[in-house]
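Student: Numbering (the numbering used here), first residue to last: 36 to 311. Glycine included, each C-beta is placed from N, C-alpha and C at the ideal position.
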Amino acid sequence: SQEHGTDSRKRLLPFIPVVAFFSSGIVEVLMCRHKARNALGNVFVSQMRKVVSTLYNDSAVRVVIFRSLVPGVFCAGADLKERALMNNSESDLFVHGLRSLMTQIALLPTPTIAAMDGVALGGGLELALACDLRAAANSAQMGLIETTRGLLPGAGGSQRLPRMIGVTLAKELIFTGRRVGGQTALEMGLINRVVEQNQTGDAAYREALSLAREILPQAPIAVRMAKEAMNRGLEVDIGSAMAIERMCYARVIPTRDRQEGMAAFIEKRAPRYTGE
Numbered sequence: 036s037q038e039h040g041t042d043s044r045k046r047l048l049p050f051i052p053v054v055a056f057f058s059s060g061i062v063e064v065l066m067c068r069h070k071a072r073n074a075l076g077n078v079f080v081s082q083m084r085k086v087v088s089t090l091y092n093d094s095a096v097r098v099v100i101f102r103s104l105v106p107g108v109f110c111a112g113a114d115l116k117e118r119a120l121m122n123n124s125e126s127d128l129f130v131h132g133l134r135s136l137m138t139q140i141a142l143l144p145t146p147t148i149a150a151m152d153g154v155a156l157g158g159g160l161e162l163a164l165a166c167d168l169r170a171a172a173n174s175a176q177m178g179l180i181e182t183t184r185g186l187l188p189g190a191g192g193s194q195r196l197p198r199m200i201g202v203t204l205a206k207e208l209i210f211t212g213r214r215v216g217g218q219t220a221l222e223m224g225l226i227n228r229v230v231e232q233n234q235t236g237d238a239a240y241r242e243a244l245s246l247a248r249e250i251l252p253q254a255p256i257a258v259r260m261a262k263e264a265m266n267r268g269l270e271v272d273i274g275s276a277m278a279i280e281r282m283c284y285a286r287v288i289p290t291r292d293r294q295e296g297m298a299a300f301i302e303k304r305a306p307r308y309t310g311e
């Protein structure tokens, strides 16, 4: 986070194993459960939910990047050591909480980007699927491997993956538990961008940061409304989706940013959006 310059500041309390840093409209949610490779255990999930919940109503937040501080790992998935100690009802409740976390991430009003510089398996890939955009190193390995453990994707993966890459290909990946690399993931439409890994092991993060900086200059309310229109529209018929688009469009018409955008175009200058 120091790469953002002197304006970087810790915006949230340093939850362990999840922390968040804020700089110039970009929030980075940093996963740092080193020994367990960011496995999704009870404490990890609880702290992640606390961090994400603080981002909902903060108008200064423009883009959220989820990244890992553990070398070679984005998120290794569920903490199977913890899960092995749970009875059936406890396991069901835990997975329900995990599913709720992914829904919480998916419902963030601002664009979200997963920076996948390493392994993203099971719940780790489900976390990335809950984000709007994904950047990955070509060396990253990802997959919904739950069937190899006697399970099925239970934190949204069985629903988000088919919507993202198509049901036929999603079934193949989930039935086989196959892992794919960054380039294959790009060709499938699973990720937005793939990059060669660098010596510091953070190439996907740098690409995610570049993508975030492309989003930053745009009108914040318009971006949020565009996200809402797309997400809600995908779940209904086309007629209802058009009504959703109209509703979202109506919410940007009275904004100062819309007036600024028009004025900037006429005056042939860059717009200065304030999120109002």
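#1: Using only the alpha-carbon positions, how far apart do residue 119 and residue 207 sit?
#2: Take residue 217 and list the residues in its own chain whose beta-carbon comes closer than 6 Å to its own, dropping the five residues that flank it on each side.
#3: Where DSSP assigns a beta bridge to residue 61, which residues make up the other side?
#4: Compute the Euclidean distance between the alpha carbons of residue 294 and residue 251, then round it to the nearest angstrom.
#5: Is residue 269 helix, strand or coil by DSSP?
#6: Around the Cβ of residue 224, are there at least 16 other Cβ atoms within 10 angstroms (buried) or fewer (exposed)?
#7: I'd like the span of the beta strand (DSSP E) that includes residue 229, first residue to last.
#8: With 16 other CB atoms within 10 Å as the buried threshold, where does residue 45 fall?
#9: Whole angstroms are fine: how far does the CA of residue 181 sit from the CA of residue 149?
#10: Tell me which residue opens and which closes the beta strand (DSSP E) that residue 147 is part of.
#11: Taking just the CA atoms, how far does residue 268 sit from residue 281?
#12: Quick one, which of 248, 233, 124, 198 has its alpha-carbon nearest residue 107's?
#13: In three-state terms, what does DSSP make of residue 283?
#14: Note down the Cα distance separating residue 158 from residue 226, rounded to an integer number of angstroms.
#15: With respect to the alpha helix (DSSP H) encompassing residue 194, which residues constitute its N-terminal and C-terminal limits?
#16: Distance, Cα to Cα, residue 128 vs residue 116?
#17: Starting from residue 128, trace the alpha helix (DSSP H) in both directions and tell me its first and last residue.
#18: Which residue wins for smallest C-alpha separation from residue 184, given the options 166, 146, 197, 113?
#19: Specify the secondary structure class of residue 189 as computed by DSSP and reduced to three states.
#20: Would you mind reading off the limits of the beta strand (DSSP E) that contains residue 172?
#21: Is the separation between the beta-carbon of residue 91 and that of residue 143 shorter than 8 Å?
#22: Measuring straight from C-alpha to C-alpha, what distance separates residue 266 and residue 303?
Tutor: Let me spell this out:
#1: Looking up residue 119 in the sequence shown gives position 84. Looking up residue 207 in the sequence shown gives position 172. Between the C-alpha atoms of residue 119 and residue 207 there is a straight-line separation of about 27 Å.
#2: Start at 1 with the first residue of the sequence shown, and residue 217 comes out as number 182. The residues are 171, 172, 173, 175, 229.
#3: The sequence position of residue 61 within the sequence shown is 26, counting from 1. The partner list for residue 61 (beta bridge, DSSP) reads 58, 98.
#4: As a working mapping, residue 294 is identified with position 259 in the sequence shown. As a working mapping, residue 251 is identified with position 216 in the sequence shown. When rounded, the distance between both Cα atoms is 18 Å.
#5: Locating residue 269 in the sequence shown gives position 234, counting from the first residue. Coil at residue 269, not helix or strand.
#6: Against the sequence shown, residue 224 aligns to sequence position 189. Residue 224 comes out exposed.
#7: As a first step, residue 229 is located in the sequence shown; it is residue number 194 there, counting from the start. Note, residue 229: beta strand (DSSP E), 228-230.
#8: What you label residue 45 is simply residue 10 of the sequence shown in a count that begins at 1. Here residue 45 scores only 47 on pLDDT, less than 50, and its place in the model is too uncertain to base an answer on.
#9: On the sequence shown, position 114 is the one that residue 149 refers to. On the sequence shown, position 146 is the one that residue 181 refers to. Taking the CA atoms as reference points, residue 149 sits about 21 Å from residue 181.
#10: Here residue 147 refers to the residue found at position 112 of the sequence shown. Its beta strand (DSSP E) spans residues 147-151.
#11: Counting from one through the sequence shown, the residue named residue 281 turns up at place 246. Counting from one through the sequence shown, the residue named residue 268 turns up at place 233. Spanning the two alpha carbons is a distance of roughly 11 Å.
#12: In the sequence shown, residue 107 corresponds to position 72, counting from 1. Closest in alpha carbon position to residue 107, among 248, 233, 124, 198, is 233.
#13: Sequence index remark: in the sequence shown, residue 283 carries index 248 (1-based). When DSSP states are grouped into helix, strand and coil, residue 283 belongs to the helix group.
#14: Numbered from 1 along the sequence shown, position 123 holds the residue referred to as residue 158. Numbered from 1 along the sequence shown, position 191 holds the residue referred to as residue 226. The straight-line gap separating the alpha-carbon atoms of residue 158 and residue 226 is approximately 16 Å.
#15: If you number the sequence shown from 1, residue 194 lands on position 159. Boundaries of the alpha helix (DSSP H) harbouring residue 194: 192-200, taken from the DSSP string.
#16: Residue numbering aside, residue 128 sits at position 93 when the sequence shown is read from its first letter. Residue numbering aside, residue 116 sits at position 81 when the sequence shown is read from its first letter. So the alpha carbons of these two residues sit roughly 16 Å apart.
#17: What you label residue 128 is simply residue 93 of the sequence shown in a count that begins at 1. Element bounds for residue 128: 123-141.
#18: Here residue 184 corresponds to residue number 149 of the sequence shown, with the count starting at 1. Residue 184 has its Cα closest to that of 113, out of 166, 146, 197, 113.
#19: The sequence position of residue 189 within the sequence shown is 154, counting from 1. If DSSP states are grouped into helix, strand and coil, residue 189 belongs with coil.
#20: Here residue 172 refers to the residue found at position 137 when the sequence shown is read from its first residue. Its beta strand (DSSP E) spans residues 168-172.
#21: Taking the first residue of the sequence shown as position 1, residue 91 is located at position 56. Taking the first residue of the sequence shown as position 1, residue 143 is located at position 108. Yes.
#22: Here residue 266 refers to the residue found at position 231 when the sequence shown is read from its first residue. Here residue 303 refers to the residue found at position 268 when the sequence shown is read from its first residue. Using only the alpha carbons, I get a separation of about 33 Å.
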